[in-house]
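Top to bottom, those sequences are chains F and H. Be aware that the first sequence starts at 45, since it is given in the numbering used here, and climbs by one per residue. Be aware that the second sequence starts at 45, since it is given in the numbering used here, and climbs by one per residue. Using N, Cα and C, we set each Cβ at its ideal position, and we do this for glycine too. Right, one structure below, let's go through it.
Protein chains: 2
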Amino acid sequence: MATGRTHRPATRSRGIPEATVARLPLYLRALTGLSERSVPTVSSEELAAAAGVNSAKLRKDFSYLGSYGTRGVGYDVEYLVYQISRELGLTQDWPVVIVGIGNLGAALANYGGFASRGFRVAALIDADPAMAGKPVAGIPVQHSDDLEKIISENGVSIGVIATPAGAAQPVCDRLVAAGVTSILNFAPTVLSVPEGVDVRKVDLSIELQILAFHEQRKAGEDAAAAEAADVVAPVVRGGAAVDRKGPDGDMPAVMPA
Amino acid sequence: MATGRTHRPATRSRGIPEATVARLPLYLRALTGLSERSVPTVSSEELAAAAGVNSAKLRKDFSYLGSYGTRGVGYDVEYLVYQISRELGLTQDWPVVIVGIGNLGAALANYGGFASRGFRVAALIDADPAMAGKPVAGIPVQHSDDLEKIISENGVSIGVIATPAGAAQPVCDRLVAAGVTSILNFAPTVLSVPEGVDVRKVDLSIELQILAFHEQRKAGEDAAAAEAADVVAPVVRGGAAVDRKGPDGDMPAVMPA
DNA sequence: CCATCTTTGTGCACGCGTTCACAAAGACAT
DNA sequence: ATGTCTTTGTGAACGCGTGCACAAAGATGG
Numbered sequence: 045m046a047t048g049r050t051h052r053p054a055t056r057s058r059g060i061p062e063a064t065v066a067r068l069p070l071y072l073r074a075l076t077g078l079s080e081r082s083v084p085t086v087s088s089e090e091l092a093a094a095a096g097v098n099s100a101k102l103r104k105d106f107s108y109l110g111s112y113g114t115r116g117v118g119y120d121v122e123y124l125v126y127q128i129s130r131e132l133g134l135t136q137d138w139p140v141v142i143v144g145i146g147n148l149g150a151a152l153a154n155y156g157g158f159a160s161r162g163f164r165v166a167a168l169i170d171a172d173p174a175m176a177g178k179p180v181a182g183i184p185v186q187h188s189d190d191l192e193k194i195i196s197e198n199g200v201s202i203g204v205i206a207t208p209a210g211a212a213q214p215v216c217d218r219l220v221a222a223g224v225t226s227i228l229n230f231a232p233t234v235l236s237v238p239e240g241v242d243v244r245k246v247d248l249s250i251e252l253q254i255l256a257f258h259e260q261r262k263a264g265e266d267a268a269a270a271e272a273a274d275v276v277a278p279v280v281r282g283g284a285a286v287d288r289k290g291p292d293g294d295m296p297a298v299m300p301a
Numbered sequence: 045m046a047t048g049r050t051h052r053p054a055t056r057s058r059g060i061p062e063a064t065v066a067r068l069p070l071y072l073r074a075l076t077g078l079s080e081r082s083v084p085t086v087s088s089e090e091l092a093a094a095a096g097v098n099s100a101k102l103r104k105d106f107s108y109l110g111s112y113g114t115r116g117v118g119y120d121v122e123y124l125v126y127q128i129s130r131e132l133g134l135t136q137d138w139p140v141v142i143v144g145i146g147n148l149g150a151a152l153a154n155y156g157g158f159a160s161r162g163f164r165v166a167a168l169i170d171a172d173p174a175m176a177g178k179p180v181a182g183i184p185v186q187h188s189d190d191l192e193k194i195i196s197e198n199g200v201s202i203g204v205i206a207t208p209a210g211a212a213q214p215v216c217d218r219l220v221a222a223g224v225t226s227i228l229n230f231a232p233t234v235l236s237v238p239e240g241v242d243v244r245k246v247d248l249s250i251e252l253q254i255l256a257f258h259e260q261r262k263a264g265e266d267a268a269a270a271e272a273a274d275v276v277a278p279v280v281r282g283g284a285a286v287d288r289k290g291p292d293g294d295m296p297a298v299m300p301a
């Protein structure tokens with residue numbers, strides 16, 4: 045994951061564990077799919093498989109929200125969609141600003157996943173005067189001079205930072221000072237924020253490095269194994285993927301997004 | 045943190061805890077910054093501040109790699125950069141393919157962070173014949189018919205999926221069958237892969253939903269607090285950020301860059 | 001060579017998160 | 001009504017990750 049994680053240390057908000065909160069969107073997505081196919085109810089086992097998690101974990105997660113299931117039957121899909129949406133705060137409108145309209149910022153502005161769940165791109169902001177007025181994804185880019193005004197006029201509380209690393213902290217400071225209390229940071233920098241402000245980071249480079257670590261580890265093991273079996277058979281790299289195995293085998297390396 | 049994390053459950057690879065592996069890139073980035081400023085040594089306290097973590101945690105993390113510090117002095121910056129790079133497998137070249145050259149895929153191709161650390165974009169692949177041959181970020185897009193050939197000819201073991209959700213699983217299957225064993229997935233889907241293949245996911249929508257949850261919670265608390273203090277003072281939204289304080293309450297998450 | 005001071009490396013305790021396993025609850029058929 | 005069968009909800013045990021606090025190690029100065 046994208047780095048996901050990193051933020052509120054261990055403060056369990058309103059009794060719901062942070063780990064559970066992080067999985068709710070996953071369940072919601074799976075449920076939405078079922079809803080579109082008009083499936084009326086679903087068991088914890090089925091839903092868990094669709095979300096790529098353990099069924100016991102799913103049941104415990106839901107138990108934090110309340111008892112929304114019916115024993116012997118399962119969960120009502122529509123009802124659960126509503127409950128989770130409400131719990132996540134998706135029943136209300138969240139205006140979002142994106143700061144830094146470069147390659148990534150523009151891609152984010154165009155990303156459909158934003159609008160799909162109550163998030164509305166209220167404004168695009170960039171420091172380059174040449175960008176001002178130019179429409180990206182149908183929204184005119186505004187100059188960062190007006191950042192404070194844009195935030196307050198639109199009642200924005202969530203900001204997305206897609207600037208170069210050097211500009212991220214200053215931008216973050218201005219966002220926070222203007223009233224933003226949640227930040228999604230794509231810049232490869234550690235942001236410093238006052239208490240009460242949530243920051244989540246997404247760092248492609250870090251994700252790749254983590255993959256590289258495991259990749260190297262696998263290669264090392266392969267080499268060792270190959271060396272041992274060298275006399276017998278040549279090294280086989282990239283064997284075909286046959287035994288498609290559930291995301292949960294023991295542990296799933298699966299992921300949603 | 046985007047999403048960061050979610051993947052290998054609890055398998056500690058080669059004795060190094062997964063949580064530690066996830067922080068190594070953070071340390072590496074901080075150290076690179078120090079290196080560029082020609083700082084010779086750094087204490088765990090300083091480096092921890094720069095990486096936004098607890099100093100005890102940092103020391104414990106490094107202890108898994110070996111004893112690379114000098115008591116009374118700290119850590120040698122250059123030496124540590126090398127050790128971490130080696131541990132992460134960044135001393136070798138990692139050819140990467142990006143599948144799905146839409147808005148996001150193109151942004152990723154243009155992203156400088158890729159090349160910066162041993163990752164090389166070996167090829168861009170898209171299913172749209174109209175894209176074939178068109179250069180993106182200086183690299184000609186190739187058609188997905190040639191996916192298997194491209195993977196094997198370039199010895200690619202890491203793939204990035206930036207396709208629409210519906211295409212992700214089929215693409216994933218082909219990548220894995222062709223020899224890819226690590227996947228970074230940007231598509232909003234749970235991928236099913238055979239054992240031995242690592243998948244990390246980055247999902248903007250999920251990150252935003254998690255932020256929305258906390259945002260809603262904060263709003264609720266504010267409302268309650270405001271209600272209580274209502275007679276005394278009006279609600280103040282977005283007070284200025286004065287006491288720059290680490291996100292951790294206890295320890296400062298400071299940052300350079 | 002000894003004393004002092006700084007900083008690492010780690011033993012230990014604590015808490016969150018995961019998983020198992022089962023009792024309770026309800027649906028459904030007879 | 002009663003019994004059976006399915007599936008939830010959760011008590012309890014376990015393991016990983018975190019942070020404290022300190023002893024050991026080494027540098028530095030006299």
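If I measure Cβ to Cβ from L134/F and keep anything under 7 Å in the same chain, skipping five residues before and after, which residues do I get? Closer than 7 Å at the Cβ level, and outside the excluded window around L134/F, lie R161, G162.
Which parts of the stretch 134–201 of chain H are runs of the beta strand (DSSP E), unbroken and 3 residues or longer, counting only runs that do not cross its ends? Note on the stretch 134–201 of chain H: whole beta strand (DSSP E) runs with a minimum of 3 residues are 138–143, 163–170, 183–187, in chain order.
Kindly indicate which residue of A231/F, A222/F, V204/F, S201/F has the alpha-carbon position closest to the one of L191/F. The shortest Cα separation from L191/F among A231/F, A222/F, V204/F, S201/F belongs to A222/F.
Tell me where the beta strand (DSSP E) around L235/H begins and ends. DSSP places L235/H in no beta strand (DSSP E); its state is neither H nor E.
List, in chain order, every chain H residue whose beta-carbon is nearer than 7 Å to that of G157/F. Per Cβ cutoff of 7 Å: P232, L248, S249.
Is the beta carbon of N98/F closer than 8 Å to that of A151/H? No.
Counterpart residues of N229/F in DSSP-defined beta bridges: N229/F is bridged to I205/F, K245/F.
Output the distance between the C-alpha atoms of V237/H and S226/H, rounded to the nearest integer angstrom. In this model, V237/H and S226/H are separated by some 10 Å (Cα to Cα).
My output table needs one value for A277/H: the three-state DSSP class, helix, strand or coil. Below a pLDDT of 50, predicted positions are generally treated as unreliable, and A277/H, at 36, falls in that range; the measurement from the model is reported next regardless. In the structure shown, A277/H sits in coil (DSSP, three-state: anything other than H, G, I, E or B).
Take P173/H and list the residues in its own chain whose beta-carbon comes closer than 8 Å to its own, dropping the five residues that flank it on each side. Here the set comprises H187.
Delimiting residues of the beta strand (DSSP E) encompassing G96/F: Where G96/F is concerned, there is no enclosing beta strand (DSSP E), given that its DSSP letter is neither H nor E.
Could you name the residues of the stretch 76–107 of chain H whose beta carbon sits closer than 7 Å to any beta carbon of chain F, in the order they occur along the chain? Taking 7 Å as the Cβ-Cβ cut-off against chain F, the residues of the stretch 76–107 of chain H that qualify are A95, G96.
Does the Cβ of P69/F have 16 or more other Cβ atoms within 10 Å, making it buried, or fewer, making it exposed? P69/F should be labelled buried.
According to DSSP, simplified to helix, strand and coil, what is G113/F? Under the three-state reduction of DSSP output, G113/F falls in the strand class.
State yes or no: is the beta carbon of A151/F nearer than 8 Å to at least one beta carbon in chain H? Interface residue (Cβ-Cβ distance to chain H less than 8 Å): A151/F is classified as such.
Let me see if you follow: with CB-CB separation under 8 Å, is V125/H close to chain F or not? No, its Cβ sits nowhere closer than 8 Å to a Cβ of chain F.
Would you mind working out which of E62/F, G113/F, V165/F sits nearest T85/F, comparing C-alpha positions? Nearest in C-alpha terms to T85/F, of all of E62/F, G113/F, V165/F, is G113/F.
Suppose contacts are defined by Cβ-Cβ distances below 8 Å. Is M175/F in contact with V165/F by that definition? Between M175/F and V165/F, the gap from beta carbon to beta carbon reaches 8 Å or more.
Euclidean distance between Cα positions of S87/F and P139/H: About 42 Å.
Express the C-alpha separation of R81/H and A94/H in angstroms, rounding to a whole number. When rounded, the distance between both Cα atoms is 14 Å.
Can you tell me the Cα-Cα spacing of L168/F and L109/H, whole angstroms? Their backbone Cα atoms lie some 43 Å apart in a straight line.
What is the DSSP secondary structure of G77/F, reduced to helix, strand or coil? Note: G77/F maps to helix in three-state DSSP.
Can you check whether the C-beta of G133/H is within less than 8 Å of a C-beta belonging to chain F? Answer yes: the Cβ-Cβ gap between G133/H and chain F drops below 8 Å somewhere.
Own chain residues within Cβ distance below 6 Å of G203/F, not counting five before or after: Around G203/F: V141, L219, V224, I227.
Per-residue contacts from N154/F into chain H (C-beta, under 9 Å): Those are G146, N147, L148, listed as they occur along chain H.
Mind checking V280/F: buried by the 16 CB within 10 Å criterion, or exposed? Unreliable positioning characterises V280/F in this predicted model, as indicated by a pLDDT of 35, which lies under 50. The coordinate reading is nonetheless provided below. It counts as exposed.
Under the rule that 16 or more other beta-carbon atoms within 10 Å means buried, what is Q260/H, buried or exposed? Label assigned to Q260/H: buried.
What does I205/F reach in chain H if we use C-beta pairs closer than 7 Å? Proximity of chain H to I205/F at the Cβ level (cut-off 7 Å) is not reached, the minimal Cβ distance being about 12 Å.
For V86/H, name the three-state secondary structure that DSSP assigns. In the structure shown, V86/H sits in a strand (DSSP, three-state: E or B).
Quick one: is P139/F near chain H, going by C-beta distance under 8 Å? No, P139/F does not count as interfacial toward chain H.
Closer than 8 Å, CB to CB, is K178/F near chain H or not? K178/F does not count as touching chain H.
Buried or exposed (CB count within 10 angstroms, at least 16 for buried), Y155/F: Here Y155/F is buried: its Cβ has 16 or more other Cβ atoms, across all protein chains shown, within 10 Å.
Tell me where the beta strand (DSSP E) around G118/H begins and ends. That run of the beta strand (DSSP E) goes 118–120.
In chain H, what lies closer than 9 Å to I194/F by C-beta? Under the 9 Å cutoff, chain H gives no residues; its nearest Cβ is about 13 Å from I194/F.
Under 8 Å by Cβ, that's how I've got I194/H and A153/H pegged, so tell me the actual separation to the nearest angstrom. Not really, about 15 Å apart at Cβ, beyond 8 Å.
Here's the rule: buried if 16 or more other CB atoms are within 10 angstroms of the residue's CB, otherwise exposed. What is Y71/H? Using a 10 angstroms sphere on the CB of Y71/H, the tally of other CB atoms reaches 16 or more, which defines it as buried.
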